[in-house]
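*Asks:* When the count follows numbering that gives the first Met the number 0, it moves up by one through the sequence shown with no breaks and lands on 273 for the last residue.
Cβ atoms here follow ideal geometry from the backbone N, Cα and C, with glycine treated the same way.
Source: prediction; values computed, not measured.
Have a look at this one before I ask anything.
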Amino acid sequence: MGFCAVARDLARASACELSALRRTLVDGMLSPLATGIYEGLGATAGLGLAVGGCAYAAMWPASRIFGPVLRAPRRPGELALTFDDGPNPAWTPRLLDILASHDVRATFFMVGKYAQAEPELVRRVAAAGHLIGNHSWSHPNLALTAPRRVREELSRTKETLEQITGKPVRHFRPPFGARRPDVLRTARRMAMEPVLWNAMTSDWSEPSVDAIVKRLTEMIDRNERRGWATNFVLHDGNHLDPTAFREPSVSAAGQLVARYKETHRFVTLDAWSI
Ligand SMILES: [Zn+2]
Numbered sequence: 000m001g002f003c004a005v006a007r008d009l010a011r012a013s014a015c016e017l018s019a020l021r022r023t024l025v026d027g028m029l030s031p032l033a034t035g036i037y038e039g040l041g042a043t044a045g046l047g048l049a050v051g052g053c054a055y056a057a058m059w060p061a062s063r064i065f066g067p068v069l070r071a072p073r074r075p076g077e078l079a080l081t082f083d084d085g086p087n088p089a090w091t092p093r094l095l096d097i098l099a100s101h102d103v104r105a106t107f108f109m110v111g112k113y114a115q116a117e118p119e120l121v122r123r124v125a126a127a128g129h130l131i132g133n134h135s136w137s138h139p140n141l142a143l144t145a146p147r148r149v150r151e152e153l154s155r156t157k158e159t160l161e162q163i164t165g166k167p168v169r170h171f172r173p174p175f176g177a178r179r180p181d182v183l184r185t186a187r188r189m190a191m192e193p194v195l196w197n198a199m200t201s202d203w204s205e206p207s208v209d210a211i212v213k214r215l216t217e218m219i220d221r222n223e224r225r226g227w228a229t230n231f232v233l234h235d236g237n238h239l240d241p242t243a244f245r246e247p248s249v250s251a252a253g254q255l256v257a258r259y260k261e262t263h264r265f266v267t268l269d270a271w272s273i
């Protein structure tokens, strides 16, 4: 189903777009970020990924072949700290305390079913001035999901978050970064801007705090040299296991905020809307 849609849209792509796609694929295959995305997917989706470039483009965050998405603007000096896969009753409150101690706001892309289970925590995130975005209801790979279920995943999450906080949800990050054109159209039709990232490391696999900080610092500095702001991802939950250990991600967030808050401006993603 997903691959059919991808193939159909690729058939409509211009030669120029296809050439750009090929470059993206070659660059992407060499990137540790690509490896991280692949690992984050699990074996089944990974097999799909290996099927061909179409599927690969659907996963790669820098690919714009499926339309514009928000990654980061040309505003060096600005950082958007984003957290995926919460809210999580063990880790999100600790993160909130750290962010409050530095007077920094972040963006939380929440999984709908977790938000429904933790409404007080969702309210606490919103009350602290953080931005809340939609990360689907159950975290499927939406590039492989039937359009009707895509709509349900997005709308149920949006409605749940809006009911809990009383605030509109205007941002959507596809699980795994997986997308196809109709997924993005569905999000836009629901008045949500699709968002990816331009810095991520495999913090979900529980490397050391130092390894996470080092890798993200390199990416932030690289983006800065190229004239870009950085939209970076950490995880305050786990889409498969809500009891997952997230201490490295939480501590890394604290260290990165401490390191950059004097020289950079931390923003929530609504500051960059396109
Ligand atoms: Zn996720």
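Is Pro139 near ligand 1, judged by its Cβ being under 7 Å from some heavy atom?
*Replies:* Here residue 139 corresponds to residue number 140 of the sequence shown, with the count starting at 1. No; taking the cut-off as 7 Å, the Cβ of Pro139 has no heavy atom of ligand 1 nearer than that.
*Asks:* Any chance the CB of Pro174 is under 7 Å from a heavy atom of ligand 1?
*Replies:* The residue you call residue 174 lines up with position 175 of the sequence shown. Yes; taking the cut-off as 7 Å, the Cβ of Pro174 has a heavy atom of ligand 1 nearer than that.
*Asks:* Between Ala126 and Ala251, what straight-line distance do the alpha-carbon atoms span, to the nearest angstrom?
*Replies:* Walking along the sequence shown from the start, residue 126 turns up at place 127. Walking along the sequence shown from the start, residue 251 turns up at place 252. Roughly 23 Å separates the two Cα atoms.
*Asks:* Considering Cα atoms alone, identify which of Arg179, Ser100, Gly128, Lys112 is closest to Lys157.
*Replies:* Counted from its first residue, the sequence shown places residue 157 at position 158. When each option's Cα is compared against that of Lys157, the closest is Lys112.
*Asks:* Quick one: does the C-beta of Asp202 sit closer than 7 Å to a heavy atom of ligand 1?
*Replies:* Position 203 of the sequence shown, counting from 1, holds the residue named residue 202. No, the Cβ of Asp202 stays beyond 7 Å of every heavy atom of ligand 1.
*Asks:* Run through DSSP, which three-state label would Arg258 get?
*Replies:* Counting from one through the sequence shown, the residue named residue 258 turns up at place 259. Arg258 falls in the helix class under three-state DSSP.
*Asks:* Where does Asn237 sit, in a helix, a strand or coil, going by DSSP?
*Replies:* Residue 237 sits at position 238 when you count from the first residue of the sequence shown. Reduced to three states, the DSSP call for Asn237 is coil.
*Asks:* Verify whether the separation of the beta carbon atoms of Met199 and Val168 is less than 8 Å.
*Replies:* Counting from one through the sequence shown, the residue named residue 199 turns up at place 200. Counting from one through the sequence shown, the residue named residue 168 turns up at place 169. Cβ atoms of Met199 and Val168: not closer than 8 Å.
*Asks:* For the structure I just gave you, are there three or more beta carbon pairs, one from the stretch 243 to 258 and one from the stretch 213 to 221, closer than 8 Å?
*Replies:* yes
*Asks:* Curious, which full-length beta strand (DSSP E) runs of at least 3 residues does the stretch 96 to 162 contain?
*Replies:* 106 to 109, 130 to 133
*Asks:* Apart from the five residues just before and just after Arg81, which ones in its own chain have a Cβ nearer than 6 Å to its Cβ?
*Replies:* Looking up residue 81 in the sequence shown gives position 82. Sequence inspection shows Thr at residue 81; the Arg mentioned does not correspond to that position. Contacts found: Thr106, Val232.
*Asks:* Where does Pro67 land, buried or exposed, given buried means 16+ other C-beta within 10 angstroms?
*Replies:* Residue mapping note: residue 67 aligns to position 68 of the sequence shown, counting from 1. Exposed, since its Cβ has fewer than 16 Cβ neighbours within 10 Å.
*Asks:* Quick check on Glu119: buried or exposed, where buried means 16 or more other Cβ atoms within 10 Å of its Cβ?
*Replies:* Translated into positions along the sequence shown, residue 119 becomes position 120. Here Glu119 is exposed, its C-beta having fewer than 16 other C-beta atoms within 10 Å.
*Asks:* What is the rounded straight-line gap between the Cα of Trp196 and the Cα of Arg123?
*Replies:* Sequence index remark: in the sequence shown, residue 196 carries index 197 (1-based). Sequence index remark: in the sequence shown, residue 123 carries index 124 (1-based). Their backbone Cα atoms lie some 25 Å apart in a straight line.
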